[in-house]
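*Asks:* Residue numbering for the sequence shown follows our numbering, starting at 221 and increasing by one per position.
By construction, the Cβ of each residue, glycine as well, lies at the ideal position given by its N, Cα and C atoms.
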Amino acid sequence: MLLIFASLCLTVWAIAIYNLTIIDIKYLFAAAAVGGIIVFALILLLHKSSYRVIWTFIISIAIGGGFSCFGLLFLNKLFAGSPQTKEFEIVSTGHLGRVSNGNCFKPYAVIDFDGIQKQLVFTCEDEKAIKSYHKVAVTFSKGLFGFGVIRSKQLAQ
Numbered sequence: 221m222l223l224i225f226a227s228l229c230l231t232v233w234a235i236a237i238y239n240l241t242i243i244d245i246k247y248l249f250a251a252a253a254v255g256g257i258i259v260f261a262l263i264l265l266l267h268k269s270s271y272r273v274i275w276t277f278i279i280s281i282a283i284g285g286g287f288s289c290f291g292l293l294f295l296n297k298l299f300a301g302s303p304q305t306k307e308f309e310i311v312s313t314g315h316l317g318r319v320s321n322g323n324c325f326k327p328y329a330v331i332d333f334d335g336i337q338k339q340l341v342f343t344c345e346d347e348k349a350i351k352s353y354h355k356v357a358v359t360f361s362k363g364l365f366g367f368g369v370i371r372s373k374q375l376a377q
């Protein structure tokens, strides 16, 4: 049970890191699958479970997937290189749901970062201005595994 809780906490942290990482989702699915298979094999070999195999597999995906996705994203961010700045065209804009204080909808802009579409969320102060901008200046670094890690972003004409 402790491993499931730890995996859940790391998954929440991984989501926060994912929001600032330029990565195709297929790599996260692959990391989750590999982590799940490794944990599944370990459970079958080292722990004689009284659960059915399907439940063991689901628990393995939850534990192994959370740990491996977090590990991939955290290590990529931790060992990122020197920052560089580049401007990207805005593909589309929109608004997320209301923030907790209920005063605004958080605006976002979708950019095409070298073939990967990434949604960048901005502050409530940019809610009205985002429609008039056509580019976003992104400061990013290449991480350990080659995925971009966003350091900062701002709207640009």
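Whole beta strand (DSSP E) runs in the region 293-364 with 3 or more residues, listed along the chain?
*Replies:* Correct list: 304-318, 325-333, 336-341, 355-362.
*Asks:* Taking only three categories from DSSP, how would you classify Gly366?
*Replies:* Gly366: coil per DSSP, three-state reduction.
*Asks:* Helix, strand or coil for Lys373? Go by DSSP, reduced to three states.
*Replies:* Here Lys373 sits in strand by DSSP.
*Asks:* For Ile243, which three-state DSSP category applies?
*Replies:* Ile243 falls in the coil class under three-state DSSP.
*Asks:* Can you give the Cα-Cα distance for Asp334 and Ser280, rounded to whole angstroms?
*Replies:* Cα to Cα, the separation comes out at about 34 Å.
*Asks:* Since Phe287 and Leu230 should fall inside the 8 Å C-beta cutoff, what is the C-beta to C-beta distance between them, to a whole number of angstroms?
*Replies:* Their Cβ separation, rounded to whole angstroms, is 6 Å, which keeps Phe287 and Leu230 in contact under 8 Å.
*Asks:* Can the beta-carbon of Ala261 be found less than 8 Å from the beta-carbon of Gly363?
*Replies:* Cβ atoms of Ala261 and Gly363: not closer than 8 Å.
*Asks:* Should Ser227 be labelled buried (16 or more other beta-carbon atoms within 10 Å of its own) or exposed?
*Replies:* Burial call: buried.
*Asks:* Between which two residues does the alpha helix (DSSP H) holding Tyr238 run?
*Replies:* Looking at the DSSP string, the run of the alpha helix (DSSP H) that includes Tyr238 is 222-238.
*Asks:* Say whether the region 296-310 touches the region 350-368, bearing in mind that this needs 3 or more beta-carbon pairs closer than 8 Å, one atom from each stretch.
*Replies:* Taking 8 Å as the limit for Cβ pairs, the verdict is that the region 350-368 does touch the region 296-310.
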